[in-house]
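Below is one structure, written out as structure tokens; the observations come after it.
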Ligand code: ZN
């Protein structure tokens, strides 16, 4: 079976950045299992997987526009300390969920002063070209329920 819309796909992958640093990898663990064609992977990788079969391996470099987008400096903001009510300790490097103009987003704390906190709402991989080394490990048809939910059930997927 080839990878196509609404198939459940398993891949082994290693993701590295421009300096050949490993950002993420399935090596030593379970393969990544996802529902193809439902936006569960970055667009550039999903496109490259289309039509492939079990056992196929490839390398691809994906520019920011097909990955997590370009960095947007407007997402780097200074907010009052009072916006973090109920949180006793705020330190650089911490991540929070915050509601922004585009809905809920994760922000990274860059610096903290007595009255203000500087946060960055960009995805940590925004602006980066991503280099993937991928091997296809499994392809099966998705169940109707999986298609309706937009994600995989069972091993490697959601349990609910
Ligand atoms: Zn579900």
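In the working numbering, the protein residues as written are 71 to 230. Note that the Cβ used here is the ideal one computed from N, Cα and C, for glycine as well.
C-alpha gap between residue i and residue j, whole angstroms
| i | j | result |
| --- | --- | --- |
| residue 84 | residue 209 | 19 Å |
| residue 194 | residue 188 | 15 Å |
| residue 112 | residue 224 | 22 Å |
| residue 185 | residue 162 | 14 Å |
| residue 157 | residue 151 | 10 Å |
| residue 21 | residue 136 | For residue 21 there is no data in the structure shown, the boundaries of the chain being 71 and 230. |
| residue 200 | residue 214 | 32 Å |
| residue 94 | residue 175 | 21 Å |
| residue 198 | residue 71 | 33 Å |
| residue 227 | residue 219 | 11 Å |
Proximal residues to residue i (C-beta, below 7 Å), its chain only, five neighbours per side dropped
| i | result |
| --- | --- |
| residue 203 | 83, 84, 129 |
Bounding residues of the alpha helix (DSSP H) (the contiguous stretch that carries residue i)
| i | result |
| --- | --- |
| residue 182 | Element bounds for residue 182: not the alpha helix (DSSP H) but the beta strand (DSSP E), 173-182. |
| residue 218 | 214-219 |
Close-in-space but distant-in-sequence residues of the same chain around residue i (CB under 6 Å, 5 per side omitted)
| i | result |
| --- | --- |
| residue 182 | 160 |
| residue 148 | 186, 188 |
Residue span of the beta strand (DSSP E) that contains residue i, given as start and end
| i | result |
| --- | --- |
| residue 129 | 127-132 |
| residue 101 | Careful: residue 101 lies outside any beta strand (DSSP E) and carries neither H nor E. |
Should the segment 139-147 be called in touch with the segment 101-115, which here means at least 3 C-beta pairs below 8 Å? no
Please give the ranges of any beta strand (DSSP E) in the segment 140-170, keeping only runs that are unbroken, at least 3 residues long and fully inside the region. 146-150, 165-170
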